[in-house]
Amino acid sequence: MFLPVGVEGGHTPDASSRQTCDIAAQHEFTAYGPSHWAVLAVFAAGAALLVWLGRRQSELQSRRFGRIAGAITAVIYAGVLVYGLVPFDVRWSMPLQLTDLATLVAAYALWSQKHWAYAVTYYWGLVLSAQALISPALTGPDFPHYRFLAFWAIHLVVVWTAIYLTWGRRMRPRWRSYRIVMTVTLVWVAITMTFNTVAGSNYGFLNGKPSTASLLDVMGPWPWYLVVAAVLVFTVWAAMTWPWERLRQAGPMDTSGALPVNHHADHPGFSGVIGALCGLAFLLMGRKNARLAVELAGVSENDHVVDVGCGPGSAVRLAARRGARATGVDPSSMFLRIARAVTPRSADVTWVEGTAENIPLRNESATVLWSLATVHHWQDVTAGLQEAHRVLAPGGRLLAIERQTEPGATGFASHGWTRQQAESFAAQCHTAGFSDAVVESDDAGRRPVWVVRARRP
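Shown next as structure tokens:
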């Protein structure tokens with residue numbers, strides 16, 4: 001049914017049906033021969049590099065890298081597809097192999113970093129495409145022939161994408177992801193088996209085992225090996241989901257206590273003379289975080305941005321200059337007074353008094369909601385996230401930025417998050433109903449900050 005995933009019976013026919021003089025002159029590929037071991041070494045090195053890179057990228061860097069890598073993946077697949085069309089034969093030229101779909105979805109997952117595309121790539125890549133590394137269904141000439149390069153390229157990019165997004169960018173599957181991928185896979189099986197029956201093809205090895213050795217050989221005759229493979233794959237997928245769900249539900253280990261562990265009850269407040277002085281200072285200090293937030297959120301003229309804990313409003317004004325409608329929410333009347341005084345009347349900006357736990361805006365009225373260096377002051381993080389979920393429209397983006405602090409810091413040095421606190425906030429985002437919550441480290445220009453990004457489904 002699913003194992004292994006290869007090109008035999010797909011884009012490329014067997015060696016005898018497409019032999020030319022140059023192919024005949026080359027050595028045949030042999031599983032676990034020198035070229036196979038070289039591919040495995042390249043795979044391991046590439047996987048390690050992608051995890052290392054992903055953990056050090058900012059959100060903006062990840063988006064740029066994903067666009068480039070996704071485009072390269074799409075170009076690679078297009079080349080393989082065109083090659084399989086000449087000469088055209090319905091038995092192997094149709095893009096019906098699971099590898100075809102997996103490569104296309106992986107390209108989109110890199111490009112968009114949408115959770116559904118990531119989930120499909122995670123399950124298909126780490127179980128099905130990865131089978132090509134163990135039992136490659138590749139017959140024909142060895143390196144450096146095009147068929148050799150094409151086979152390994154379309155399999156490696158899918159597995160690499162799953163590894164990069166999971167362990168590099170820290171995206172995680174959920175039980176909903178598991179159900180979606182099961183449904184998509186069964187639909188593919190039904191469509192492809194029907195096509196195979198009509199056309200006399202064998203896409204996905206659904207109508208017969210491959211001629212090369214594979215795990216299907218120990219699963220019985222057709223059609224029973226399909227049932228065995230389905231049970232095995234779905235069980236493995238469940239096992240790949242359960243640990244992440246347990247971690248999400250339990251939250252990360254945090255010896256410093258639950259959020260808000262860094263909340264400060266001893267600061268003097270933001271009113272009167274002290275509030276005015278703090279507001280003027282924040283006008284100068286908040287600009288770099290504001291630029292970072294606007295870049296990470298991808299603010300455009302179609303957005304309604306809500307800044308919770310806006311202070312004197314640097315980020316609100318910058319969002320308005322990008323063409324967005326912007327609303328600043330803050331409990332300090334002094335900060336709002338300063339914000340109104342320094343904001344041009346022509347700006348599409350609204351200032352309202354409120355807190356994270358009580359945002360005075362309509363349900364699903366915002367497309368972006370952020371809190372910059374203020375979450376550690378929230379009185380109730382759970383209530384604040386519930387309010388954020390209420391105010392954001394489906395597909396809305398949530399962004400929180402906090403200074404990086406060390407465990408045990410006191411005074412002003414404790415204003416911010418430790419890594420554990422950032423991870424705890426991300427876990428609470430999931431609990432509040434957000435998806436794709438990730439923790440990233442970024443340099444806003446003065447000192448490193450923690451960035452937590454999530455999306456309302």
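Numbered by full-length UniProt numbering, the letters in the sequence shown go through residues 1 to 457 in order. Even for Gly, the Cβ is constructed at its ideal location relative to N, Cα and C. Please read all numbers here as calculations on a predicted model, not as lab measurements.
Secondary-structure assignment with DSSP links V449 through a beta bridge to R403, D442.
Per DSSP, the beta bridge partners of P141 are E28. Between A339 and P312, the CB-CB gap stays under 8 Å. Taking the C-beta atoms as reference points, A109 is found no nearer than 8 Å to T166.
Using a Cβ distance threshold of 8 Å, V329 and V349 do not count as a contacting pair.
In the assembly as shown, Q379 is an exposed residue. Its beta-carbon has fewer than 16 other beta-carbons within 10 Å.
DSSP, read as helix, strand or coil, puts W167 in helix. For the region 148 to 211, the full-length alpha helix (DSSP H) segments reaching 4 residues or more read 175 to 199 along the chain. Pairing S346 with R322 gives a Cβ-Cβ distance that is not under 8 Å. F88 counts as exposed, since fewer than 16 other beta carbons sit within 10 angstroms of its beta carbon. Pairing V449 with D442 gives a Cβ-Cβ distance under 8 Å. Secondary structure within the region 363 to 402: the alpha helix (DSSP H) runs of 4 or more consecutive residues, fully enclosed, are 381 to 391 (chain order). For V127, there is no enclosing beta strand (DSSP E), as DSSP marks it with neither H nor E. Non-local beta-carbon contacts of F43 in its own chain, meaning distances under 8 Å to residues more than five positions away in sequence, involve L133, L156, V159, W160 in chain order. Rounded to whole angstroms, M193 and L398 show a C-alpha spacing of 43 Å. With contacts defined by Cβ atoms closer than 8 Å, E402 and A373 form a contacting pair. For the options G396, A47, A393, A422, the alpha carbon positioned closest to that of E406 is the one of A422. With respect to I359, V391 sits close: the two C-beta atoms are nearer than 8 Å.
Of the residues assessed, R64 falls on the exposed side of the cut-off, its CB having fewer than 16 other CB atoms within 10 angstroms.
In this chain, the alpha helix (DSSP H) harbouring E423 covers 419 to 431. As the crow flies, the alpha-carbon of L101 is around 22 Å from that of R169. DSSP lists L398 as the bridge partner or partners of A454.
V329 is bridged by DSSP to V308, V352. Distances from the CA of Q113 to each of I76, P173, F148 were compared; the closest alpha carbon is that of P173. S112 is bridged by DSSP to nothing; it lacks a bridge partner.
Annotation for P457: S435 place their beta carbon closer than 6 Å to its own, counting only its chain and skipping 5 residues before and after. Contact between L60 and L296 holds: CB atoms are separated by about 6 Å, below the 8 Å threshold. Between the alpha carbons of G204 and A454 lies a distance of about 36 Å. DSSP, read as helix, strand or coil, puts A229 in helix. In this structure G200 touches R91 by the C-beta definition: roughly 6 Å separates them, less than 8 Å.
Going by beta carbons, I163 and I76 fall outside the 8 Å limit. Under the 10 Å beta carbon count, S177 is surrounded by 16 or more other beta carbons and is classified as buried. A direct Cα-Cα distance of roughly 20 Å separates E357 from P394. For the pair A150 and T235, the Cα-to-Cα distance works out to about 30 Å. Per the coordinates, the alpha-carbon of L50 lies some 17 Å from the alpha-carbon of W152.
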